[in-house]
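Note that the sequence shown covers residues 0 to 267 in numbering that gives the first Met the number 0.
Cβ coordinates follow ideal geometry from the N, Cα and C atoms, glycine included.
First comes the structure, then the notes that go with it.
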Amino acid sequence: MSPTRLRAVALEARGVLRVLQDGLGPVEAGSIVVSGMLAEQLARELGAGAELGTVVVGNGTSVAGAPVIVRVIAGEPNDEDDALVRAADRAGVPIILVQLWPQADWRAPFVRSPFVVECKTGEGFPVGEIAARIAIAAEQAPGLASRVPAIEEAVAAGVVKGGIAHSAFLALVSGRTAAARPLLALEQVRMLSQLRALDGSDTKPDGLPVVAGVAGATLAASYAFRELARRSRRYVPAPLANAAVATAGTWALSAIARKLLEARTPPS
């Protein structure tokens with residue numbers, strides 16, 4: 000390998016390691032604030048197994064410091080609901096509306112928030128659906144999920160889905176350019192870093208050695224994926240080959256990462 004090529008690889012490895020190191024250390028994710036009718040019940044369900052104080056019942060007026068607000072409404076939204084939505088919008092805090100027992104003639108609350116969950120009569124709170132909205136809405140969702148088990152699976156699924164979509168897009172746009180592989184590697188590293196954050200791995204003493212291992216493995220895999228894409232172009236159009244390999248490779252890395260994290264997690 001030429002000196003120029005060695006320098007390029009070293010710079011790329013440094014960039015990948017920097018992305019992973021940025022995720023080291025605790026992240027202040029705040030608390031999920033639940034308010035409205037039956038807020039105590041929903042907070043208990045969302046907070047099952049969670050760290051103390053990560054899911055709290057709010058007064059329905061304060062939005063300061065919350066990464067996401069869950070508002071339970073019964074019937075059509077009232078003035079108090081509207082005031083909370085406006086306050087959250089001004090503060091840049093996403094709000095999830097859980098509408099109890101929706102009726103056909105009620106006004107849809109979608110104009111107030113893009114995150115709306117319906118809770119039908121006799122079915123209880125759809126915690127999985129609410130968790131999926133939190134995973135989309137919360138800016139620090141992985142850090143939050145490391146402390147709130149009820150949303151962990153939804154956040155992990157969202158991280159993987161986003162990583163695959165971004166990788167496929169980069170493969171289509173970059174095509175055969177020299178920048179394609181490094182860009183894909185960085186995207187995959189970001190995804191793996193977020194997955195590591197789900198179980199609090201980045202705050203553990205072995206964080207840096209594991210990060211270095213992830214960086215090296217991802218770089219090595221990126222070269223293998225590039226070669227596979229090249230060979231696939233003999234049989235299918237280049238854009239399709241690039242996107243397919245990027246999608247499959249990113250999914251494979253995410254699956255391996257999840258398995259390793261599960262193996263490292265002590266049984267409850």
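With which residues is Ala73 paired in a DSSP beta bridge? Leu99
Where Leu186 and Ser166 are concerned, what is the direct C-alpha to C-alpha distance, given to the nearest angstrom? According to the sequence provided, residue 186 is Glu. The question's Leu does not apply to it. Those two C-alpha atoms are separated by around 7 angstroms.
If you reduce the DSSP assignment to three classes, tell me which class Ser290 lands in. For the chain, the structure presents residues 0 to 267; residue 290 sits outside this window and is missing.
Rounded C-beta distance between Pro148 and Ala49? I'm assuming under 8 angstroms. 6 angstroms
Comparing alpha-carbon positions, which option in Pro66, Ala38, Val126 and Ala179 lies nearest Ala73? Ala38
Any idea which residues DSSP pairs Asp114 with across the strands? Note that residue 114 is Phe in the sequence shown here, rather than Asp. Ile95, per the DSSP bridge assignment.
Across which residues does DSSP place Ile31 in a beta bridge pair? Val54 and Val67
Would DSSP call Thr120 helix, strand or coil? coil
Taking Gly127 as part of the alpha helix (DSSP H), name the residues at either end of that continuous run. Val126 to Ala136
DSSP on Pro236, reduced to helix/strand/coil? coil
Look at Ser30 and Gly59 and say whether their C-beta atoms are less than 7 angstroms apart. no
Which two residues bound the contiguous alpha helix (DSSP H) that contains Pro297? Summary: the structure shown does not reach residue 297, with the chain confined to residues 0 through 267, and so no result is reported for it.
Alpha carbon of Leu239 to alpha carbon of Arg232, nearest angstrom: 8 angstroms
Could you tell me the boundaries of the alpha helix (DSSP H) in which Val84 lies? Asp78 to Ala90
Can Phe114 and Ile95 be called in contact, C-beta distance under 7 angstroms? yes
DSSP state of Ala49 mapped onto helix, strand, coil: coil
Can you tell me the Cβ-Cβ gap for Ala90 and Ala63, rounded? I've got them flagged as a contact below 8 angstroms. 7 angstroms
Residues near Thr53 by beta carbon distance below 6 angstroms, same chain, minus five either side: Ser30, Arg146 and Val147
When we look at the beta-carbon of Arg195 and count the other beta-carbons within 10 Å, is it buried (16 or more) or exposed? buried
Buried or exposed for Val158, going by 16 or more other Cβ atoms inside 10 Å? buried
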